[in-house]
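Colleague: Count the sequence shown with my numbering and you get residues 3 to 221, in order.
The following block contains the structure, expressed as structure tokens.
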Amino acid sequence: MELHFSTDFPPYGEVAVYIEAHRLENLASLKLIPNKEKIDTTLKLTNIKPSINITGSNIFRYLARSSEHNSLYDETDLSELFNISYQDDLLNIFSARSIPDLKPALIHESLEKHGRSYLVYPDRPVLADFSAWGILKATGGNEGSNNNKDWMNKMNELKASQIAMEVVDATIKTDNSNSPTSLPKISGADYENNKLDPFRGIVASMIAEYTGKSADEIF
3 MELHFSTDFP
13 PYGEVAVYIE
23 AHRLENLASL
33 KLIPNKEKID
43 TTLKLTNIKP
53 SINITGSNIF
63 RYLARSSEHN
73 SLYDETDLSE
83 LFNISYQDDL
93 LNIFSARSIP
103 DLKPALIHES
113 LEKHGRSYLV
123 YPDRPVLADF
133 SAWGILKATG
143 GNEGSNNNKD
153 WMNKMNELKA
163 SQIAMEVVDA
173 TIKTDNSNSP
183 TSLPKISGAD
193 YENNKLDPFR
203 GIVASMIAEY
213 TGKSADEIF
């Protein structure tokens, strides 16, 4: 899978959901492709011929549905249908292309209304939380009430969120520098001739740091 995105709107939420749903060890399977042009964040399924492009809130749903465990978006539990419907409404609002400048305000309004620790459940974040968090991180729209700040702090403290920020920021920085000297030394990496190797090297290095595995083996 390839996640194409504009460097002006980093995909923190999407990458955090991938890590949460598919585990850090599999992050190398999601290749980040930064673009300096203003493009819609697009998930390209390259294992299907012809390839399929997924955009908007459907990226979050696909990443959750393709996971072996679906705790972020459980459509199979009939008792969860109301919460799934509510979550869909939030995802659609947050991803609406017609209101980019209003998104932070709409998110803060939703946070004010829910009256819980997270948007849908009192004790755990789901897709709607990661989507909202990703937008606020990408736009810098962190202002809000104390309750909203508490929610933001909780989202920032999640391991998936922290790793997502590291990976995305490092990918953008590497793409801007075009310098292989700052990249981790990994056997088999060809940073100068293979455009995907810088990203693969960054991810392999981070997975190794968190798991204790060899970066060469992960790469």
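All C-beta atoms, glycine included, are put in the ideal place defined by N, C-alpha and C.
Could you check if serine 68 is buried or exposed, using at least 16 other CB atoms within 10 Å of its CB as the buried criterion?
Modeller: Per the 10 Å Cβ criterion, exposed.
Colleague: Which one of Ser119, Arg63, Ala206 and Leu45 has the shortest CA to CA distance from asparagine 150?
Modeller: Per the Cα distances, Ser119.
Colleague: In chain order, what residues of the same chain lie with their CB nearer than 7 Å to the CB of alanine 217, ignoring the 5 residues before and after it?
Modeller: Excluding positions up to five away in sequence, the list reads Pro186, Ile188, Ala206, Ser207 and Ala210.
Colleague: When burial is assigned at 16 or more other CB atoms within 10 Å of the CB, is threonine 78 buried or exposed?
Modeller: Exposed: under 16 other Cβ atoms inside 10 Å.
Colleague: Any contact of the region 10-26 with the region 131-146, i.e. 3+ C-beta pairs under 8 Å?
Modeller: Contact holds: three or more Cβ-Cβ distances are below 8 Å.
Colleague: Between Arg126, Leu108, Leu65 and Lys175, which has its C-alpha nearest leucine 29's C-alpha?
Modeller: Among Arg126, Leu108, Leu65 and Lys175, the Cα nearest to that of leucine 29 belongs to Leu65.
Colleague: If you compare alpha carbons, which of Leu113, Leu74 and Lys46 is closest to alanine 162?
Modeller: Checked all of Leu113, Leu74 and Lys46; the closest Cα to alanine 162 is Leu74.
Colleague: Count the other CB atoms within 10 Å of the CB of alanine 140; is the residue buried (16 or more) or exposed (fewer)?
Modeller: It counts as buried.
Colleague: For a quick check, are the C-beta atoms of serine 8 and lysine 33 less than 9 Å apart?
Modeller: No, these two residues do not count as a Cβ contact at 9 Å.
Colleague: What residue range is occupied by the uninterrupted alpha helix (DSSP H) comprising lysine 51?
Modeller: Careful: lysine 51 lies outside any alpha helix (DSSP H) and carries neither H nor E.
Colleague: To the nearest angstrom, how far is it from the Cα of serine 53 to the Cα of asparagine 196?
Modeller: Each residue's Cα considered, the two are about 21 Å apart.
Colleague: For aspartate 131, tell me which candidate among Ile41, Lys46 and Asp90 has the shortest Cα-Cα distance.
Modeller: Cα-wise, what sits closest to aspartate 131 is Asp90.
Colleague: Reducing DSSP to helix, strand and coil, say where histidine 110 ends up.
Modeller: Correct three-state label for histidine 110: helix.
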